[in-house]
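*Asks:* Chains as they are written, first to last, in the numbering used here: chain A, 1 to 191; chain B, 192 to 382; chain C, 383 to 573; chain D, 574 to 764.
Glycine is no exception: its CB is placed at the ideal position from the N, C-alpha and C atoms.
Here the structure is a predicted model, which means the values were calculated and not measured.
Take a look at this one; I'll ask things after.
Number of protein chains: 4
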Amino acid sequence: MARTKSEDKRRAILDAALSVFAERGTWSTPTAAISRAAGVAEGTLFTYFPTKEILMNELYRDLKSELAEILLASFPSDGDVRTRFQHLWQGYIRWGVTHPDELKVLAQLQVADQITPESREVGRAPFVEIERIATEAIAHGYLHDYPVAYHSMLFDTLAEMTIAVIASEPNTTVDYAMIGFDVLWRGTSRS
Amino acid sequence: MARTKSEDKRRAILDAALSVFAERGTWSTPTAAISRAAGVAEGTLFTYFPTKEILMNELYRDLKSELAEILLASFPSDGDVRTRFQHLWQGYIRWGVTHPDELKVLAQLQVADQITPESREVGRAPFVEIERIATEAIAHGYLHDYPVAYHSMLFDTLAEMTIAVIASEPNTTVDYAMIGFDVLWRGTSRS
Amino acid sequence: MARTKSEDKRRAILDAALSVFAERGTWSTPTAAISRAAGVAEGTLFTYFPTKEILMNELYRDLKSELAEILLASFPSDGDVRTRFQHLWQGYIRWGVTHPDELKVLAQLQVADQITPESREVGRAPFVEIERIATEAIAHGYLHDYPVAYHSMLFDTLAEMTIAVIASEPNTTVDYAMIGFDVLWRGTSRS
Amino acid sequence: MARTKSEDKRRAILDAALSVFAERGTWSTPTAAISRAAGVAEGTLFTYFPTKEILMNELYRDLKSELAEILLASFPSDGDVRTRFQHLWQGYIRWGVTHPDELKVLAQLQVADQITPESREVGRAPFVEIERIATEAIAHGYLHDYPVAYHSMLFDTLAEMTIAVIASEPNTTVDYAMIGFDVLWRGTSRS
DNA sequence: GATGAATGAGGATTCATTCAT
DNA sequence: AATGAATGAATCCTCATTCAT
Chain A
1 MARTKSEDKR RAILDAALSV FAERGTWSTP TAAISRAAGV AEGTLFTYFP
51 TKEILMNELY RDLKSELAEI LLASFPSDGD VRTRFQHLWQ GYIRWGVTHP
101 DELKVLAQLQ VADQITPESR EVGRAPFVEI ERIATEAIAH GYLHDYPVAY
151 HSMLFDTLAE MTIAVIASEP NTTVDYAMIG FDVLWRGTSR S
Chain B
192 MARTKSEDKR RAILDAALSV FAERGTWSTP TAAISRAAGV AEGTLFTYFP
242 TKEILMNELY RDLKSELAEI LLASFPSDGD VRTRFQHLWQ GYIRWGVTHP
292 DELKVLAQLQ VADQITPESR EVGRAPFVEI ERIATEAIAH GYLHDYPVAY
342 HSMLFDTLAE MTIAVIASEP NTTVDYAMIG FDVLWRGTSR S
Chain C
383 MARTKSEDKR RAILDAALSV FAERGTWSTP TAAISRAAGV AEGTLFTYFP
433 TKEILMNELY RDLKSELAEI LLASFPSDGD VRTRFQHLWQ GYIRWGVTHP
483 DELKVLAQLQ VADQITPESR EVGRAPFVEI ERIATEAIAH GYLHDYPVAY
533 HSMLFDTLAE MTIAVIASEP NTTVDYAMIG FDVLWRGTSR S
Chain D
574 MARTKSEDKR RAILDAALSV FAERGTWSTP TAAISRAAGV AEGTLFTYFP
624 TKEILMNELY RDLKSELAEI LLASFPSDGD VRTRFQHLWQ GYIRWGVTHP
674 DELKVLAQLQ VADQITPESR EVGRAPFVEI ERIATEAIAH GYLHDYPVAY
724 HSMLFDTLAE MTIAVIASEP NTTVDYAMIG FDVLWRGTSR S
């Protein structure tokens, strides 16, 4: 057999794309810059990702699922609603703050016309857990009876904003992570 | 007079850029497509906007100030805090829902590396009114004592999200505009 | 007004394409080589011919009509059938022998998949004169009653072959032009 | 045994090249398409044909000799001149009509710059039989005293043209094969 | 020998910008 | 100022060929 397509190389390219996209902006980044950063030949990139567009979509899915994985790690399935929400919230914020590149690129890909509806669907999938909790919480009367998709989106939007604020004020003493969660909770819970 | 005509052309280019950006995506749009849509020659665009980057920045500021202008029109300066906030909120939502192109392009420009910090600053300026109200409201104990910039951002973020939800569910009976404001108010007010 | 698209430049590009195609082969010739030979910038070629394929088609039509023009110049409309055929024949042979580049490129384009049916149709058009003579000659019983398209093709094929032979034996004393016409005439006439 | 298998693969590649060339055009066909069609790995192609150019030349020679073989099969060595010529003619026409792919590819290779003079020489070799008959026929005064190479070329050219005509008019009732031979015979014989 | 991943030199276009008219 | 042809750097991708397995 010939050299087998290496998972390492695939990852290297994806990682390189992430960091170069973050540095130069997704649309100003030539594929050549990615392959160079990945330490592979220009053509090699295309044996792993047939087009730049496909690469962008794969990266998008990759980031989304990486985030989801982190959020659901050590998830306190038996905590109360607030605890579980807070766990997700803290995980999200921490990830965002410690992964500024990922966050920036994700924000760019989010509005990119190249990201297909399928990718967006796949990207949303891992976040169903949040919706599951919301559904249950609504049934128990803990949360206002809004569409679960709305709760989920609210969570996501506020978390992203919170991360952005934290990133933009590195030296603040304000605990935006806590404030943000308070706003979310007061805004949506019934108590 | 030459001056009058020029202003027309400037607007035509800006309007064309908006609609073509919305249709084809900001980064896939060549300047030639803009000038064509504007009904001017390719070169003419550059007598009004020396570079594409400058055009993007001008458009960004333009959209931001158009929005601000609308929000502050017939502003009930003497209403109570909730009334004034709600007026801004409703104006924002209405504008967003009726101007999907503007909204989409703004979302793309928001994450564009080409938008300078100066433009972002200028773009924020018209929203100081919101901060002014917030400042006052905090002083009177109506709102939680968070940084006013945070209140402002929260307002902005939730409104944008609300608009997006409304746009994505054209036939819903859910009054997302109202829900959104409730969440915002409960989340930030003290009562 | 801006610089107007110059007919000169169009010709220069077409001429350059002809000579570079002849030298390097149609399929091994990059567009950059053509523009360089034409003395224009790489991009300029594309303002005159949107794609290489279109350039090839235009060149094909151009060569075909140049040939037709020459054949029909000073055409002895009132000569007898043999005289008229011979005039066309001699013109063809002379053109082919004195324009080896044109002939070589035409031969390559003839079999190119890029040449559209429309171009082939257009390319055939100028040769209707030959068919006209044939039609008349058949009616008068001078020529065998074969389809006129067949007569025309025969003429063309034999002429091309004759030119090729002459080109390949520059120092021969054999009068292939005459031989060829004799073969054609004996082969198709009735006398 | 290794040797047997190799010969199989060589043929498979040559056959694949033929059919893919016919379908996509010789110059638009990547070697990868050939190897795929042949059911071998991309690299394997190069163990049989060190370069694409060599493959093209081998295919050219192969087609030429396949044709020659067919023409000379069951050749009526003792027939009269006309009979022998006619046998060759019919064989050629029949082959061409039943092997459109071969014919098309041969036509493209004929004008390819990649075909070496040596290959062209080799390709002509099998047709010496025709020249032999011509030589004899001239000596006996049956044929006009033109260079034998010329007779051979004429035969070839007219046959190819005839095949092309037949191929382009599948439903005609005209017997182009017969017409073509008549033209050739009248054009070159002395009777 | 067979495989197919890796390579990197092109190659056809695109496009922001310039500049002659 | 307006025009649009001219420019050529930059870009995505292709493909013949090499080479590790």
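With DSSP as the reference, label S6 (chain A) as helix, strand or coil.
*Replies:* Here the question's residue 6 (chain A) lines up with position 6 in the first sequence. Three-state result, S6 (chain A): coil.
*Asks:* Check the C-beta distance from T157 (chain A) over to M352 (chain B) and give it rounded, since I have them as a contact under 8 angstroms.
*Replies:* Within the first sequence, residue 157 (chain A) is the residue found at index 157, counting from 1. Within the second sequence, residue 352 (chain B) is the residue found at index 161, counting from 1. The Cβ separation is near 5 angstroms, so the contact holds.
*Asks:* Bridge partners of S380 (chain B), per DSSP?
*Replies:* Here residue 380 (chain B) is taken as the residue at index 189 of the second sequence, counted from 1. For S380 (chain B), which the question treats as bridged, DSSP gives the partners B:L334.
*Asks:* Going by beta carbon distance, what residues of the same chain come within less than 7 angstroms of V313 (chain B), once the five residues before and after it are set aside?
*Replies:* The count along the second sequence starts at 1 and reaches residue 313 (chain B) at position 122. Correct list, in chain order: R252.
*Asks:* Find the residues of chain B that neighbour I56 (chain A), judging by a C-beta separation of less than 7 angstroms, and give them in chain order.
*Replies:* As a working mapping, residue 56 (chain A) is identified with position 56 in the first sequence. Looking at the sequence itself, residue 56 (chain A) is Met, so the reference to Ile does not match. The contacting residues do not exist; M56 (chain A) stays about 12 angstroms from chain B at best.
*Asks:* Taking 9 angstroms as the threshold (C-beta atoms), are A355 (chain B) and L300 (chain B) in contact?
*Replies:* As a position in the second sequence, residue 300 (chain B) is number 109, starting the count at 1. As a position in the second sequence, residue 355 (chain B) is number 164, starting the count at 1. No.
*Asks:* So which residues of chain C does P720 (chain D) contact, with C-beta pairs closer than 8 angstroms?
*Replies:* Taking the first residue of the fourth sequence as position 1, residue 720 (chain D) is located at position 147. Simply V556.
*Asks:* Please list, in chain order, the residues of the stretch 475-506 of chain C that have any C-beta partner in chain D closer than 7 angstroms.
*Replies:* A489, Q490, V493 and D495
*Asks:* Spell out a yes or no on whether the stretch 78-97 of chain A and the stretch 136-155 of chain A are touching, meaning 3 or more CB-CB pairs, one atom from each, closer than 8 angstroms.
*Replies:* yes
*Asks:* Which one of D:G714, D:S692 and D:H713 has the shortest CA to CA distance from K637 (chain D)?
*Replies:* Your numbering for residue 637 (chain D) matches position 64 in the fourth sequence. It is D:S692.
*Asks:* Does any CB atom of chain A fall closer than 9 angstroms to the CB of S219 (chain B)?
*Replies:* By 1-based counting over the second sequence, the position of residue 219 (chain B) is 28. Yes, S219 (chain B) lies at the interface with chain A (some Cβ there is under 9 angstroms from its Cβ).
*Asks:* Cβ closer than 7 angstroms: which chain B residues qualify as neighbours of R186 (chain A)?
*Replies:* Residue mapping note: residue 186 (chain A) aligns to position 186 of the first sequence, counting from 1. By Cβ distance, chain B contributes R377 and G378.
*Asks:* Give me, in chain order, the residues of the same chain whose beta-carbon lies closer than 6 angstroms to that of S37 (chain A); leave out the 5 immediate sequence neighbours on both sides.
*Replies:* Here residue 37 (chain A) refers to the residue found at position 37 of the first sequence. The amino acid occupying residue 37 (chain A) in the given sequence is Ala; Ser does not appear at that position. Once the five neighbours on either side are set aside, the close Cβ partners of A37 (chain A) are A16 and V20.
*Asks:* Return the CA-CA distance between P338 (chain B) and E320 (chain B), expressed in angstroms with no decimal places.
*Replies:* On the second sequence, residue 338 (chain B) is found 147 positions in, with the first residue counted as 1. On the second sequence, residue 320 (chain B) is found 129 positions in, with the first residue counted as 1. Cα-Cα distance, rounded: 15 angstroms.
*Asks:* Determine the extent of the alpha helix (DSSP H) in which F155 (chain A) is found, giving its start and end residues.
*Replies:* Residue 155 (chain A) sits at position 155 when you count from the first residue of the first sequence. Start and end: V148 to S168.
*Asks:* On a Cα-Cα basis, can you pick out the residue from D:E709, D:G753, D:T708 and D:G714 that is closest to H526 (chain C)?
*Replies:* Here residue 526 (chain C) refers to the residue found at position 144 when the third sequence is read from its first residue. Here the closest residue by C-alpha is D:G753.
*Asks:* Specify the secondary structure class of D366 (chain B) as computed by DSSP and reduced to three states.
*Replies:* Residue numbering aside, residue 366 (chain B) sits at position 175 when the second sequence is read from its first letter. Correct three-state label for D366 (chain B): coil.
*Asks:* Roughly how far, in whole angstroms, is the beta-carbon of A541 (chain C) from the beta-carbon of Y474 (chain C), given that I think they are within contact range, below 8 angstroms?
*Replies:* Position 159 of the third sequence holds residue 541 (chain C). Position 92 of the third sequence holds residue 474 (chain C). Between Y474 (chain C) and A541 (chain C) the Cβ distance is about 4 angstroms, and since that is below 8 angstroms, they are a contact.
*Asks:* Tell me which residue opens and which closes the alpha helix (DSSP H) that D304 (chain B) is part of.
*Replies:* Here residue 304 (chain B) is taken as the residue at index 113 of the second sequence, counted from 1. Here D304 (chain B) belongs to no alpha helix (DSSP H), and DSSP marks it neither H nor E.
*Asks:* For a test of the three-state rule: what should DSSP assign to A420 (chain C), helix, strand or coil?
*Replies:* Numbered from its first residue, the third sequence carries residue 420 (chain C) at position 38. Of the three classes helix, strand and coil, the one that applies to A420 (chain C) here is helix, per DSSP.
*Asks:* Tell me which same chain residues have a C-beta within less than 7 angstroms of the C-beta of I225 (chain B), skipping the five on either side of it?
*Replies:* As a working note, residue 225 (chain B) is residue 34 in the second sequence. Closer than 7 angstroms at Cβ, skipping near neighbours: I204, A207, A208, V211 and L236.
*Asks:* Using three-state DSSP, classify S650 (chain D) as helix, strand or coil.
*Replies:* Counted from its first residue, the fourth sequence places residue 650 (chain D) at position 77. In this structure, S650 (chain D) counts as coil in the three-state DSSP scheme.
*Asks:* Measure how close the beta-carbons of F622 (chain D) and E631 (chain D) come, nearest whole angstrom, since I'm counting them as under 8 angstroms.
*Replies:* Translated into positions along the fourth sequence, residue 622 (chain D) becomes position 49. Translated into positions along the fourth sequence, residue 631 (chain D) becomes position 58. About 6 angstroms separates the two Cβ atoms, so the contact holds.
*Asks:* Pairing CB atoms from the stretch 111-118 of chain A with CB atoms from the stretch 168-179 of chain A, are three or more of them under 8 angstroms?
*Replies:* no
*Asks:* Within 10 angstroms of the Cβ of G669 (chain D), are there 16 or more other Cβ atoms? Answer buried if so, exposed if not.
*Replies:* Looking up residue 669 (chain D) in the fourth sequence gives position 96. By the Cβ-count criterion, G669 (chain D) is buried, with 16 or more other Cβ atoms from all chains shown falling within 10 Å of its own Cβ.
*Asks:* Tell me which residues share the same chain as E626 (chain D) and place their Cβ nearer than 6 angstroms to its Cβ, disregarding the 5 neighbours each side in the sequence.
*Replies:* Position 53 of the fourth sequence holds residue 626 (chain D). Counting only Cβ-Cβ distances below 6 angstroms, and skipping sequence neighbours, we find Q687.
*Asks:* So D101 (chain A) and A177 (chain A) are in contact, right, with Cβ under 8 angstroms, and what is the actual spacing, rounded?
*Replies:* In the first sequence, the residue the question calls residue 101 (chain A) occupies position 101. In the first sequence, the residue the question calls residue 177 (chain A) occupies position 177. Wrong, their Cβ atoms sit about 20 angstroms apart, outside the cutoff.
*Asks:* In terms of residues, what are the limits of the alpha helix (DSSP H) holding S410 (chain C)?
*Replies:* Here the question's residue 410 (chain C) lines up with position 28 in the third sequence. Where S410 (chain C) is concerned, there is no enclosing alpha helix (DSSP H), given that its DSSP letter is neither H nor E.
*Asks:* Below 8 angstroms on the Cβ atoms is my guess for F127 (chain A) versus A68 (chain A); work out the distance and round it to an integer in Å.
*Replies:* As a first step, residue 127 (chain A) is located in the first sequence; it is residue number 127 there, counting from the start. As a first step, residue 68 (chain A) is located in the first sequence; it is residue number 68 there, counting from the start. Correct: roughly 6 angstroms between the Cβ atoms.
*Asks:* I want to verify the contact list: residues of chain B whose CB lies under 9 angstroms from the CB of V81 (chain A), in sequence order.
*Replies:* Along the first sequence, read from residue 1 onward, the residue named residue 81 (chain A) stands at position 81. Residues of chain B passing the Cβ test: none, with the nearest at roughly 17 angstroms.
*Asks:* Which chain C residues are close to G598 (chain D), counting only those with a beta carbon under 7 angstroms from its beta carbon?
*Replies:* By 1-based counting over the fourth sequence, the position of residue 598 (chain D) is 25. Chain C residues near G598 (chain D): D495.
*Asks:* Kindly list the residues whose CB is nearer than 8 angstroms to the CB of G187 (chain A), restricted to its own chain and excluding five residues on each side of it in sequence; keep chain order.
*Replies:* Here residue 187 (chain A) corresponds to residue number 187 of the first sequence, with the count starting at 1. If we look at G187 (chain A) and ignore the five residues flanking it on each side, its Cβ neighbours are L154.
*Asks:* Considering just the uninterrupted stretch of the alpha helix (DSSP H) at A641 (chain D), what are its terminal residues?
*Replies:* Here residue 641 (chain D) refers to the residue found at position 68 of the fourth sequence. A641 (chain D) -> alpha helix (DSSP H) spans K625 to L645.
*Asks:* Quick one, are the C-beta atoms of Y136 (chain A) and H151 (chain A) less than 9 angstroms apart?
*Replies:* Translated into the one-based positions of the first sequence, residue 136 (chain A) becomes position 136. Translated into the one-based positions of the first sequence, residue 151 (chain A) becomes position 151. Correcting the residue type first, residue 136 (chain A) is Glu in the shown sequence and not Tyr. H151 (chain A) sits away from E136 (chain A), with the two beta carbons spaced by 9 angstroms or more.
*Asks:* Between B:L262, B:S268 and B:A223, which lies nearest to L246 (chain B) when the distance is taken from Cα to Cα?
*Replies:* Stepping through the second sequence from its first residue, residue 246 (chain B) is reached at position 55. It is B:A223.
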